[in-house]
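The C-terminal position of the sequence shown is numbered 114 in the numbering used here, with every residue numbered one higher than the one before it.
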Amino acid sequence: MQLNLIIDDWSMDLKIPDGYLETMRTSFDNMDKDMDRGWQIGQRWVKNPNPTQRCQLVAGKLLTALENDNEQLALMMGGYILSRMPNVKQVVIDNTGVPEETSFNTQTL
């Protein structure tokens, strides 16, 4: 599997190994439990983020992982997005500090 990432005018494909989503299921469930307690999205607190908001939060962490060359964290965040939005092919990650602007596409644009 792969997930196409767009950040400003930069694009890359994040390759997710076969079997990775199944292997990481418990970790992804633990991430959801953490987000069940609420999360700050941009300037506001969201008591119980919906699936899209959760993936927007994770996309922000994915961006940070890429900026810090943390391949394992990037893989985990990309895997989480694919596990929760299995039809997504592309993530357009907001780089301006407004996570709500991050969008998910079911086809590569």
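Note that beta-carbon positions come from the ideal geometry of N, C-alpha and C, so glycine has one too.
When DSSP labels each residue in this structure, what does residue i get in the three-state scheme?
i: Q48; result: coil
i: A17; result: It is worth fixing the name first, because residue 17 is Met in this sequence and not Ala. M17: strand per DSSP, three-state reduction.
i: N110; result: strand
i: G102; result: coil
i: M90; result: coil
Are the beta-carbon atoms of residue i and residue j separated by less than 8 Å?
i: M6; j: I21; result: yes
i: I12; j: I86; result: no
i: A70; j: L62; result: no
i: N100; j: L68; result: yes
i: V96; j: G47; result: no
i: G83; j: L19; result: yes
Which partner residues does residue i have in the DSSP bridge list?
i: L8; result: L19
Considering just the uninterrupted stretch of the beta strand (DSSP E) at residue i, what are its terminal residues?
i: V97; result: 95-97
Next on the checklist: My parser needs the beta strand (DSSP E) runs of 3 or more residues fully inside the segment 22-78; what are they?
Outcome noted: Here the runs fully enclosed are 44-46, 49-51.
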